[in-house]
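Undergrad:
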Amino acid sequence: MRDALWKLSASAQARAVRTGSVSTAELVDSHLERIAEVNPHVNAVTQLMADAAREAAARTDRGRAAGEELGPLAGVPFTVKETTAVKGVATTLGTPRFRDLVAAEDAPPVARLRAAGAIPIGHSNMPTLVLAGMHTRSELFGDTANPWDRDRTPGGTSGGDGAAVATGMVPLGLGNDSGGSVRIPAQFCGVTALKPSTGRFPADHRVLGADDPGPATQMLVTDGPLARHVGDLRLAYETLAGTDPRDPRALPVPLHGPPVAGPVKVAVVTDPGGHGVHPSVRASVESAAAALEDAGYDVREVADVPRLDEALETYGRMVVTEFAPNWPVVRGLLGEGGDRYIEAAMERTPPVSADAFMTLMGTWLNIRRSWAMFLDAYPLVLGPVFTEPPVEPGLESRDRAGRERVASAMRLCTVTSFVGVPAVAVPTGLADGLPCGVQIIGRAFREDLCLDAAQAVEDRLGTLTPVEPRTEGRAAG
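Take the sequence shown: its position 303, counting from 1, is numbered 400 in this note's numbering, and each next residue is one higher.
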């Protein structure tokens, strides 16, 4: 078993450490060896924390030898996106300007995972400042490759974590999501991910100083885990949920809600908004729907989700308006070509006045109400993560047509972030050698229902990873 420790699920790794069948030192070394073997091919891990991880492993092993009770994630290595603070390590956000921005303390989700026994082993790559596009390419660290096909993006903005988890460098990654940033890498890399409800996990997304972002950014960005198994997502969810004085948004909501009467209704939306969906993505939704039906869910096709196009327009106007005053300064941090993605967004959706922004805030609440009523009738929604297979790197930043194509493909992710509800991305298989997947969306603070349904899909359709990374693109044909 020691030769394949990195292949085990996070749950199995923690169990092995708690029972003493393996030492934490062995577990960490197994992952460090795996990182040394495959990271040169995918460039997912940016700042390796080998010495600190070995020191943490030694402390865990001493604690177990002394009879201490170890946590549910004892010894489990995890990566942390370059947006998120790890004490004593630079939080670079992928830009050279922040390469010396050393964190004085862990961000709340990192602190929670540590308290459960997990060990941060490295930072993970992302687009520069999370603004340079969907593809994971940073000015400081370069491109992350999709381990299934180097000619396809691993997605983003948490693409480093997606590739690291998929290749077995870690069993857990900690990313964040404001419109698909953990779910898209999950689909493109063949793993699973959770975007929690707004307010479920405590976080601190301040970059410099003590200033917090504006209302749209405060509400849209949620930290979330990636894993190879739904059971590991559940373990991370139970660890990350709760309150923290550093984040007054985090709410003390129970992890599990009351049972839903009768078979749980699932609304299936194959083509959100009717804007088109690739045949392989449609087939993925159909496969997941069949799996849920086999598991006893009440699966029903519906015409669409509520007010999708209106929500997308409102989301875009609010974000651009809030962001516009800082754009002249931020633009200079993005490096050559890094500004094209946001520039295209601002050309398409110019900022609005203060009065118009207040009106948009009201529209936002009204759309959330429409979704709450929809989810009252259908506790779960099944649909695509991205309505195409993995696309080529940088498509969204190439030109306006590329940006519109990517924005359309991720539309269900964008809307569910906008309304603040939870979603789990789960694989469904392969098509033309590339991973396929779906997302299962739930009522606010009913991550438990999403995870239950995702587990039912995984039980019937299986898992895809860990995968050996390709060192070149797939052969034609």
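Using N, Cα and C, we set each Cβ at its ideal position, and we do this for glycine too. This structure is a prediction, so every number in the text was calculated from the model and none was measured.
Can you grab the Cα-Cα spacing for the pair A550 / N140, in whole Å?
TA: Near 33 Å, if we compare the C-alpha coordinates of N140 and A550.
Undergrad: State the beta-bridge partners of K46 as determined by DSSP.
TA: Outside the displayed range of the chain (98 to 574) lies residue 46, so it cannot be described from this structure.
Undergrad: Measure the alpha-carbon distance for N423 versus D148 and round it to whole angstroms.
TA: Going by the C-alpha atoms only, they are around 38 Å apart.
Undergrad: Which two residues bound the contiguous alpha helix (DSSP H) that contains H138?
TA: Unbroken alpha helix (DSSP H) run through H138: 121 to 139.
Undergrad: Measure the C-alpha to C-alpha separation of M507 and V523 and round it to an integer number of angstroms.
TA: About 15 Å.
Undergrad: Nearest CA to the CA of V279: which residue from G296, T456, S235, N222?
TA: For the residues G296, T456, S235, N222, the minimum Cα distance to V279 belongs to N222.
Undergrad: Which ranges does the beta strand (DSSP E) cover as unbroken runs of at least 3 residues, wholly within the stretch 193 to 271, from first to last along the chain?
TA: The stretch 193 to 271 contains these whole beta strand (DSSP E) runs: 216 to 221.
Undergrad: According to DSSP, is A149 part of a helix, a strand, or is it coil?
TA: Reduced to three states, the DSSP call for A149 is helix.
Undergrad: Please confirm whether any heavy atom of the ligand HEM lies closer than 7 Å to the CB of K104.
TA: In terms of ligand content, the structure shown is empty, and the ligand HEM therefore cannot be addressed.
Undergrad: Can you confirm whether the stretch 436 to 449 touches the stretch 193 to 206 when touching is taken to mean that 3 or more C-beta pairs between the two stretches lie within less than 8 Å?
TA: The stretch 193 to 206 is not in contact with the stretch 436 to 449.
Undergrad: Taking the straight line between their C-alpha atoms, what separation do you get for G172 and E179?
TA: The straight-line gap from Cα to Cα measures roughly 22 Å.
Undergrad: Does the distance from the C-beta atom of T189 to that of T181 stay below 8 Å?
TA: No; because the gap between Cβ atoms is not below 8 Å, this pair is not in contact.
Undergrad: So the alpha helix (DSSP H) V382 belongs to, where does it begin and stop?
TA: From DSSP, the alpha helix (DSSP H) with V382 extends over 376 to 391.
Undergrad: Determine the direct distance from the alpha carbon of G117 to that of P310, and round the result to whole angstroms.
TA: Each residue's alpha carbon lies about 45 Å from the other.
Undergrad: Between T560 and the rest of its own chain, which residues show a CB-CB distance below 7 Å, the 5 nearest in sequence each way excluded?
TA: These residues qualify, in order along the chain: R325, H326, P524.
Undergrad: DSSP beta-bridge partners for L323?
TA: In the DSSP output, where bridge partners are listed per residue, L323 has G270, A290.
Undergrad: Is the stretch 353 to 372 touching the stretch 389 to 400, taking contact as three or more C-beta pairs under 8 Å?
TA: The answer is yes - the stretch 389 to 400 touches the stretch 353 to 372, with three or more Cβ pairs under 8 Å.
Undergrad: Assuming contact is defined by CB atoms lying nearer than 8 Å, are P490 and H302 in contact in what I supplied?
TA: Going by C-beta atoms, P490 is not nearer than 8 Å to H302.
Undergrad: Pull up the CB-CB distance for G191 and L237, whole angstroms please, since I reckon it's below 8 Å.
TA: About 5 Å; that satisfies the 8 Å criterion.
Undergrad: Using the C-alpha atoms, what's the distance from L472 back to A313?
TA: Answer to the nearest angstrom: the Cα atoms are 23 Å apart.
Undergrad: Would you mind working out which of R161, E166, A204, E134 sits nearest D344, comparing C-alpha positions?
TA: Closest by alpha carbon: A204.
Undergrad: Going by CA-CA distance only, name the one from P137, A421, L102 that's closest to T121.
TA: Nearest C-alpha to T121: L102.
Undergrad: For P293 and L305, I'd like the C-alpha separation in whole angstroms.
TA: Taking the straight line joining both Cα atoms gives about 25 Å.
Undergrad: In terms of residues, what are the limits of the beta strand (DSSP E) holding P360?
TA: Here P360 belongs to no beta strand (DSSP E), and DSSP marks it neither H nor E.
Undergrad: From which residue to which residue does the alpha helix (DSSP H) around F471 run?
TA: Looking at the DSSP string, the run of the alpha helix (DSSP H) that includes F471 is 451 to 474.
Undergrad: Bridge partners of A528, per DSSP?
TA: A528 pairs with L531.
Undergrad: Using 10 angstroms around the beta-carbon of A498, count the other beta-carbons present and answer buried if the total reaches 16, otherwise exposed.
TA: By the 10 Å Cβ count, A498 comes out exposed.
Undergrad: Report the partner residues of Q536 according to the DSSP bridge assignment.
TA: Partner(s): G480, A522.
Undergrad: Kindly list the residues whose CB is nearer than 7 Å to the CB of T511, restricted to its own chain and excluding five residues on each side of it in sequence; keep chain order.
TA: Counting only Cβ-Cβ distances below 7 Å, and skipping sequence neighbours, we find G276, G277, L409, Y412.
Undergrad: If you count every other CB in all the chains shown that lies within 10 Å of the CB of M455, and 16 or more means buried, which is it?
TA: Exposed is the call here.
Undergrad: Do you know offhand how far T460's Cα is from P403's?
TA: Spanning the two alpha carbons is a distance of roughly 13 Å.
Undergrad: Between which residues of its own chain and S108 is the CB-CB distance below 8 Å, once the five residues before and five after are set aside?
TA: Here the set comprises H326, G328, D329, L332.
Undergrad: State buried or exposed for S450, treating a residue as buried only when at least 16 other CB atoms are found within 10 Å of its CB.
TA: When all chains shown are included, S450 counts as exposed.
Undergrad: Could you tell me the boundaries of the beta strand (DSSP E) in which V399 lies?
TA: Per DSSP, V399 belongs to no beta strand (DSSP E) and is neither H nor E.
Undergrad: Report buried or exposed for A263, applying the criterion of at least 16 other Cβ atoms within 10 angstroms of its Cβ.
TA: With 16 or more other Cβ atoms within 10 Å, it is buried.
Undergrad: Check A572 in the structure and name its three-state DSSP category.
TA: Confidence at A572 is low in this model, with a pLDDT of 46, below 50, so its placement is unreliable and no value can be given for it.
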